[in-house]
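As structure tokens, the structure follows; a few thoughts come after it.
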């Protein structure tokens, strides 16, 4: 059963906290995808310059997920946004949804997805799209259960990503 949660807008001053949180969460789910430590990838995504750039985008909605006074994850979505590989008109990109392992199975991820869908529809979006790793069975099962469908697959170029994990898919859902 889901417990109450809140979303706290991420600011530039949260950069160190954000990085530390992701250093706890990300490796538990994705360390086996990488040839080396996940540190370089986390630094790429959560370094001060990248965070400043992401926060400067007017389309960005970026939050710390807080539950029982503890930061348990992050949520980031952008509107409007369309993938470069295929056009998805009037859409929101669910860019990041990472939650601490102890929240899995609690309904929190579903509640966050419903929040994104409601907020996106209120802003006038017709669709939500996301990227999911082909070898991420748990994520694919979850997104499928939430009504998302695969529309395209391609391969990532990250050299440090093990070749067998470079497959990624774009999924979307009609919310209009």
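Residue numbers (the UniProt record's numbering): 1 to 176. Here a beta-carbon is modelled for each residue, glycine too, at the ideal position from N, C-alpha and C. Model, not experiment: these values are computed from the prediction.
Cβ pair residue i, residue j closer than 8 Å
| i | j | result |
| --- | --- | --- |
| residue 27 | residue 38 | yes |
| residue 23 | residue 160 | no |
| residue 133 | residue 110 | no |
| residue 63 | residue 8 | yes |
| residue 66 | residue 6 | yes |
| residue 46 | residue 19 | yes |
Residue i versus residue j - alpha carbon distance
| i | j | result |
| --- | --- | --- |
| residue 153 | residue 143 | 15 Å |
| residue 138 | residue 11 | 30 Å |
| residue 1 | residue 151 | Unreliable placement is indicated for residue 1, whose pLDDT of 45 sits below 50; the coordinate value is still reported in the next sentence. Each residue's alpha carbon lies about 32 Å from the other. |
| residue 70 | residue 16 | 16 Å |
| residue 156 | residue 57 | 24 Å |
| residue 43 | residue 96 | 15 Å |
| residue 124 | residue 162 | 39 Å |
| residue 14 | residue 83 | 28 Å |
| residue 135 | residue 86 | 21 Å |
| residue 88 | residue 32 | 31 Å |
| residue 91 | residue 81 | 6 Å |
| residue 158 | residue 51 | 20 Å |
| residue 53 | residue 166 | 26 Å |
| residue 21 | residue 164 | 27 Å |
Inter-residue CB distance, residue i and residue j (contact presumed, cutoff 8 Å)
| i | j | result |
| --- | --- | --- |
| residue 77 | residue 25 | Contact flag wrong, Cβ pair sits at about 18 Å. |
| residue 122 | residue 175 | With a Cβ gap of about 10 Å, residue 122 and residue 175 do not count as contacting. |
| residue 79 | residue 59 | 5 Å |
Among the options, nearest to residue i - alpha-carbon criterion
| i | options | result |
| --- | --- | --- |
| residue 75 | 166, 89, 100 and 53 | 100 |
| residue 193 | 149, 174, 166 and 68 | This structure cannot settle anything about residue 193, because the visible part of the chain is limited to 1 through 176. |
| residue 73 | 174, 80, 89 and 112 | 112 |
| residue 116 | 135, 104, 93 and 103 | 93 |
| residue 4 | 81, 52, 89 and 103 | 103 |
| residue 119 | 50, 88 and 61 | 61 |
| residue 148 | 114, 165 and 166 | 114 |
Below-8 Å beta-carbon distance, residue i vs any chain D residue
| i | result |
| --- | --- |
| residue 10 | The chain labelled as chain D is not found in the depicted structure, where only one protein chain is given. |
>> Three Cβ pairs or more, each shorter than 8 Å: is that satisfied between the region 128-146 and the region 165-172?
In response: Enough Cβ pairs lie closer than 8 Å, so yes.
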